[in-house]
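With this note's numbering as the guide, the letters of the sequence shown map in order to residues 95 to 390.
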Amino acid sequence: MVNANPEKIMRTGNHEAATNDLLSSLADKMSYLQTLSEAIQRGDDRLVFQLIDNERYAQKVLKAKHSESDDSNEALVTDVHNWIAEFLSKRLIAYLNQVYPFFYFEQTGLGQFDFYFGNWWGRRRFGSLDVINVGFNFDASEYSKLERAFELEKQNKRLNSDEIDALSQTNDHLQDLIDGQAERDQRKAAIRQEIKQLAEERVMPWEVAKQKEHKEELMAELAHLTDLDEQANHSYQTIKDNEKKILALSKEDTLISYEMQSIVAKFGTFDGFEEKNDALYRDYITSLIATGQVGD
Numbered sequence: 095m096v097n098a099n100p101e102k103i104m105r106t107g108n109h110e111a112a113t114n115d116l117l118s119s120l121a122d123k124m125s126y127l128q129t130l131s132e133a134i135q136r137g138d139d140r141l142v143f144q145l146i147d148n149e150r151y152a153q154k155v156l157k158a159k160h161s162e163s164d165d166s167n168e169a170l171v172t173d174v175h176n177w178i179a180e181f182l183s184k185r186l187i188a189y190l191n192q193v194y195p196f197f198y199f200e201q202t203g204l205g206q207f208d209f210y211f212g213n214w215w216g217r218r219r220f221g222s223l224d225v226i227n228v229g230f231n232f233d234a235s236e237y238s239k240l241e242r243a244f245e246l247e248k249q250n251k252r253l254n255s256d257e258i259d260a261l262s263q264t265n266d267h268l269q270d271l272i273d274g275q276a277e278r279d280q281r282k283a284a285i286r287q288e289i290k291q292l293a294e295e296r297v298m299p300w301e302v303a304k305q306k307e308h309k310e311e312l313m314a315e316l317a318h319l320t321d322l323d324e325q326a327n328h329s330y331q332t333i334k335d336n337e338k339k340i341l342a343l344s345k346e347d348t349l350i351s352y353e354m355q356s357i358v359a360k361f362g363t364f365d366g367f368e369e370k371n372d373a374l375y376r377d378y379i380t381s382l383i384a385t386g387q388v389g390d
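Structure follows, in structure tokens:
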């Protein structure tokens with residue numbers, strides 16, 4: 095009788111166990127994909143959100159500190175997130191149109207959307223929509239301007255008030271230089287005449303130093319007036335450039351004031367707006383549950 099090889103038996107046992115584990119894992123993945131497919135076919139957005147990110151769903155919606163989620167299953171569909179986002183976007187954007195009536199969405203690709211603040215002329219692109227995570231990717235620069243505008247409002251200022259004031263003061267100074275041209279011309283003529291007289295004047299030896307000092311003072315003043323003339327010559331273009339800047343800054347302040355009014359009308363304060371943004375995922379899923387929105 096031939097004795098069985100223990101090592102061979104162990105290898106066989108390990109292989110069978112691994113095969114069973116593999117089959118179990120594949121069955122689990124197929125079940126996951128089947129459940130997701132059926133949810134999409136039924137139009138069950140809520141379940142789709144739960145299936146593609148169960149941990150987030152548990153924490154945000156169920157308020158669970160810990161969740162049993164299988165990242166490996168969720169990873170199966172990461173390469174089709176754009177298609178999933180396209181599917182989920184219809185109801186989500188309809189909801190956002192109600193909650194954020196001042197945001198206007200434009201599709202830029204499959205499941206991808208930019209949004210703009212307002213429908214008025216010169217409106218700003220405010221960021222992109224993250225459909226999968228039910229959130230906004232705000233344009234950092236534009237968002238910062240809006241946030242700063244609310245802070246400055248407490249000081250009775252607009253976002254660009256200080257810069258506009260500085261440019262206006264610069265223009266006033268430059269305009270004064272231009273307006274003072276005739277007066278400077280008269281003074282330069284008088285200085286040149288006085289310098290000429292000094293050159294022709296005969297003084298006592300002990301007065302030479304004083305005469306020289308006076309002439310140097312006149313020359314310095316003449317040089318200063320000539321420098322002001324040069325500044326005045328360039329002032330015309332600078333004033334025009336500054337006026338364009340002031341106009342652009344004023345328009346921006348006007349647009350931001352529209353945005354601020356829209357936020358206050360809907361959320362009361364900027365803090366209320368931010369709180370809603372932070373709770374958007376939970377609130378949207380809750381609305382799906384409350385309305386029982388599955389299918390059309």
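No residue lacks a Cβ here, since even glycine has one placed at the ideal position from N, Cα and C.
All figures in this text were calculated on a predicted structure; none of them were measured in a lab.
Can you say whether residue i is buried or exposed, counting buried as having 16 or more other CB atoms within 10 angstroms of its CB?
i: K248; result: exposed
i: D390; result: Because the pLDDT of D390 is 45, which lies under 50, any placement of that residue in the model is unreliable, and the number read from its coordinates should be weighed accordingly. That one is exposed.
i: A133; result: buried
i: I379; result: buried
i: D115; result: exposed
i: R136; result: exposed
i: I146; result: buried
i: A179; result: buried
i: N167; result: buried
i: R150; result: buried
i: N250; result: exposed
i: L120; result: exposed
i: N148; result: buried
i: Q325; result: exposed
Please go through the same chain and pick out, in chain order, the residues whose beta-carbon is closer than 6 Å to the beta-carbon of residue i, but skip the five residues on each side of it.
i: S356; result: F196
Is the CB-CB distance between residue i and residue j below 8 Å?
i: L343; j: R218; result: no
i: D139; j: L190; result: no
i: W177; j: L204; result: yes
i: P319; j: R278; result: Here the sequence assigns Leu to residue 319, which means Pro is not the residue at that position. Yes, the pair counts as a contact, with Cβ atoms nearer than the cut-off.
i: V225; j: L186; result: yes
i: L246; j: I340; result: no
i: L223; j: F207; result: yes
i: I272; j: S235; result: no
i: F361; j: E241; result: no
i: V231; j: Y375; result: It is worth fixing the name first, because residue 231 is Asn in this sequence and not Val. Cβ distance not < 8 Å, so N231 and Y375 don't count as in contact.
i: I285; j: L322; result: no
i: K327; j: N265; result: First, the amino acid is wrong: residue 327 is Asn here, not Lys. Taking 8 Å as the Cβ cut-off, N327 and N265 do not qualify as a contacting pair.
i: Q280; j: I333; result: no
i: L316; j: K290; result: no
Using C-beta distances below 7 Å, list every residue in its chain close to residue i, excluding the 5 sequence neighbours before and after it, in chain order.
i: F211; result: F196, F197, R217, R218, F220 and E353
i: D347; result: R252, L253 and N254
i: T202; result: D208
Please check the pair residue i and residue j, which I expect to be a contact at CB under 8 Å, by giving their CB distance rounded to whole angstroms.
i: L117; j: L170; result: The pair is not a contact, with the Cβ atoms about 17 Å apart (cut-off 8 Å).
Per the DSSP calculation, residue i is bridged to which residue(s)?
i: R200; result: The question names Arg, but residue 200 in the sequence shown is Glu. Bridge partners of E200: D208.
i: N231; result: S222
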